[in-house]
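>
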Amino acid sequence: MIFLPKGRLVSLRRLVFALALIANMLVGLGAVPTLADVPPPAPGPNGLALTPPMGWNSWNRFQCDIDERVIRGAADALVSSGMKDAGYVYVIIDDCWHGARDAHGDIQPDPKRFPQGIRALADYIHAKGLKFGIYSDVGDLTCAGRPGSRGHEYQDAAQYAAWGVDYLKYDWCNAGTMNAQAAYLTMSEALRATGRPIVFSLCDWGTSRPWLWARNTGNLWRTDADIMDVWDGVREYRKGVVNILDDQVGLDGYAGPGNWNDPDMLEVGNGGLTEDENRAHFSLWAILAAPLIAGNDIATMTPATRAILTNRAVIRVDQDPLGIAGRRVVKDGDSEVWARPLQDGGRAVVLLNRGSAPRSIAVSWQALGYPANLVAQVRDLWTGKVSAGAREGFSALVAPHAVVMVRIGG
Ligand code: GLA
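For the sequence shown, this note's numbering begins at 106 and goes up steadily by one.
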């Protein structure tokens, strides 16, 4: 300071004062959160399932014929088949794992089928880098007559968390006059209270229209009846692939990161569908941004089934981070076009032929929300073939009960 002339010294003091003032203001400002400091609201009830959950569930193939050998075998096969690498992470035991409640009311597994207990099974699955899911029901009994969670919600949630459960599917059988919103919210709160991140899958088959109210309750909600391993058909409470597809029209706007419409688990590889139909089922579920929960016997699946379930290009559409579900943009008898916008500005498009003769199916760029004069690259997600779309849109010859699935741009 002594080297500075007097005037400069004063201004230096002023400068220090001004700097202190600014620093003070900044500290003060720091106390008021700026927009950048406020985290966006967590999507869904818990910030989980930012893309549709992927995994395997025991029900479609094994129903009640499950034990720890079957579940461990499925976990082993998910890894050895490459499905884990393709993104399938949840191994979910559906109905029929239960034994009785013990003297404290704690739910126990069936001691004959799961002699080593659920914790050991969860540990086995976790050790493979996979996650573990389990099943219960809002009522006194599950659909298969095992103990449900009614009146034991917090106790069961705590038990699941202690076992290392990462995913709960919660069914709606024997619900009597219960209110769906209240019943599902109770279990959602019970799961939250455990402090363990647990994906919550609502399974009321769409009866209460959960897409209208479950955004902060569940991560996924069934939209429909149980899937049946047929292309087209309705039997009691079960529906074929295209019957379920029809019921998804109008639901796309309710899906997004953390909340997914669930048109039910996959039947790919269970024997009731042709190879074309299996490919169509998988493509349509991807365009719907549906959970991809395989329901076949992974350990014995054919190479053709494996190739369908591990098609990375189709899975990439399902898992697109933008999370906008697809919708039907063309319906002309048995010809349909389903499309969804993707994060990179591209579109995924499925041309679906529901009929029994081959037919040419077309979609205009405008129907996909593009300018009419678009020049775009079109990549077939099943053959890998890349082509330039025509001037006014895209068309292809589609086999009966089959799809052509493409990615436009991107
Ligand atoms: C219901 C569900 C199915 C399956 C069975 C088990 O039908 O919708 O997905 O969980 O119960 O009993």
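Idealized CB from N, CA, C, for every residue including glycine. Just so you know, these numbers come straight off a predicted model, no measurement behind them.
(1) What runs of the alpha helix (DSSP H), each 4 residues or longer, lie entirely inside the region 230-272?
(2) Would you give the residue range spanned by the alpha helix (DSSP H) that Asp181 belongs to?
(3) Below 8 Å, how does it come out for the region 161-168 and the region 215-222: are there three or more Cβ pairs, yes or no?
(4) Give me the residue from Tyr240, Arg464, Tyr229 with the minimum Cα distance to Asp199.
(5) Are there 16 or more other CB atoms within 10 angstroms of the CB of Thr156, so buried, or fewer, so exposed?
(6) Using a 10 Å radius around the Cβ and a threshold of 16 neighbouring Cβ atoms, would you call Asp437 buried or exposed?
(7) If we ignore side chains and look at the alpha-carbon of each, how far apart do Ala287 and Leu397 end up?
(8) Within its chain, find whatever has a CB closer than 6 Å to the CB of Asn364; leave out the 5 residues flanking it on each side and keep chain order.
(9) With distances taken Cα to Cα, identify the nearest neighbour of Leu350 among Tyr193, Met333, Val468.
(10) Enumerate, from N- to C-terminal direction, the unbroken beta strand (DSSP E) stretches of 3 or more residues contained entirely within the region 438-490.
(11) For Lys189, is the classification buried or exposed, using 16 other Cβ atoms within 10 angstroms of its Cβ as the cut-off for buried?
(12) Per DSSP, Gly361 is paired with what?
(13) In chain order, what residues of the same chain lie with their CB nearer than 6 Å to the CB of Pro362, ignoring the 5 residues before and after it?
(14) Buried or exposed, going by whether 16 or more other CB atoms sit within 10 Å of the CB of Arg417?
(15) Tell me Asn162's beta-bridge partners as DSSP assigns them.
(16) Bridge partners for Asp276 per DSSP, in chain order?
(17) At a cut of 8 Å, does the region 368-380 reach the region 398-411 through at least three beta carbon pairs?
(18) With a Cβ-Cβ cutoff of 8 Å, do Leu473 and Val509 count as a contact?
(19) Indicate whether Thr407 and His506 have their beta-carbon atoms separated by less than 8 Å.
(20) Does Ala399 come out as helix, strand or coil in the three-state DSSP assignment?
(21) In terms of residues, what are the limits of the alpha helix (DSSP H) holding Ala412?
(22) Please list, in chain order, all residues of the same chain as Thr415 whose beta carbon is under 7 Å from its beta carbon, the five residues on each side excluded.
(23) Count the other C-beta atoms from every protein chain shown that fall within 10 angstroms of the C-beta of Lys490, then say buried if there are 16 or more, exposed otherwise.
(24) State the Cα-Cα distance for the pair Pro446 and Thr488, rounded to the nearest angstrom.
(25) Across which residues does DSSP place Leu290 in a beta bridge pair?
(26) Less than 6 Å between C-beta atoms, sequence neighbours within five positions excluded: which residues of the same chain meet that for Ala266?
(27) Beta-carbon within less than 7 Å of Arg327's beta-carbon, same chain only, minus the 5 sequence neighbours each way: which residues are those?
(28) Looking at the ligand GLA, does it come within less than 7 Å of Ala249, judged from the CB to the closest heavy atom?
Taking the structure as given:
(1) 258-268
(2) Reading the sequence shown from its first residue, position 76 is the one you call residue 181. Per DSSP, Asp181 belongs to the alpha helix (DSSP H) from 173-185.
(3) no
(4) Indexing the sequence shown from 1 puts residue 199 at position 94. Ranking Tyr240, Arg464, Tyr229 by Cα distance to Asp199 puts Tyr240 first.
(5) The residue you call residue 156 lines up with position 51 of the sequence shown. Thr156 is buried by the Cβ-count criterion.
(6) Locating residue 437 in the sequence shown gives position 332, where the first residue counts as 1. Looking at its Cβ environment, which holds fewer than 16 other Cβ atoms inside 10 Å, Asp437 is exposed.
(7) Sequence index remark: in the sequence shown, residue 287 carries index 182 (1-based). Sequence index remark: in the sequence shown, residue 397 carries index 292 (1-based). Taking the straight line from one Cα to the other gives about 28 Å.
(8) For this step, residue 364 is matched to residue 259 along the sequence shown. Gly149, Arg320.
(9) Here the question's residue 350 lines up with position 245 in the sequence shown. Comparing Cα positions, the closest option is Met333.
(10) 440-446, 452-458, 464-469, 482-485
(11) On the sequence shown, position 84 is the one that residue 189 refers to. Its Cβ being crowded by 16 or more others within 10 Å, Lys189 is buried.
(12) Start at 1 with the first residue of the sequence shown, and residue 361 comes out as number 256. Asn364.
(13) In the sequence shown, counting from the first residue as 1, residue 362 sits at position 257. So the qualifying residues of the chain are Pro148, Leu155, Gly428.
(14) On the sequence shown, residue 417 is found 312 positions in, with the first residue counted as 1. Looking at its Cβ environment, which holds fewer than 16 other Cβ atoms inside 10 Å, Arg417 is exposed.
(15) Sequence index remark: in the sequence shown, residue 162 carries index 57 (1-based). Ile197, per the DSSP bridge assignment.
(16) Counted from its first residue, the sequence shown places residue 276 at position 171. Asp276 is bridged to Asp242, Cys308.
(17) yes
(18) Numbered from its first residue, the sequence shown carries residue 473 at position 368. Numbered from its first residue, the sequence shown carries residue 509 at position 404. No, the pair does not count as a contact, with Cβ atoms beyond the cut-off.
(19) Stepping through the sequence shown from its first residue, residue 407 is reached at position 302. Stepping through the sequence shown from its first residue, residue 506 is reached at position 401. No, they are not a contact pair.
(20) Taking the first residue of the sequence shown as 1, we reach residue 399 at position 294. Looking at Ala399 - three-state DSSP - the assignment turns out to be strand.
(21) Taking the first residue of the sequence shown as 1, we reach residue 412 at position 307. From DSSP, the alpha helix (DSSP H) with Ala412 extends over 408-414.
(22) The sequence position of residue 415 within the sequence shown is 310, counting from 1. Hits under 7 Å: Gly187, Met188, Ala191.
(23) The residue labelled residue 490 in the question sits at position 385 within the sequence shown. Lys490 should be labelled exposed.
(24) For the purposes of this step, residue 446 is identified with residue 341 of the sequence shown, where counting begins at 1. For the purposes of this step, residue 488 is identified with residue 383 of the sequence shown, where counting begins at 1. Cα to Cα, Pro446 sits roughly 21 Å from Thr488.
(25) Counting from 1 along the sequence shown, the entry for residue 290 is found at position 185. None; Leu290 has no bridge partner.
(26) Position 161 of the sequence shown holds residue 266. Hits under 6 Å: Thr299, Arg301.
(27) For the purposes of this step, residue 327 is taken as residue 222 along the sequence shown, with counting starting at 1. The residues are Leu307, Cys308, Asp309, Trp310, Gly311, Asp367, Asp369.
(28) Numbered from 1 along the sequence shown, position 144 holds the residue referred to as residue 249. Answer for Ala249: yes, Cβ within range of the ligand GLA.
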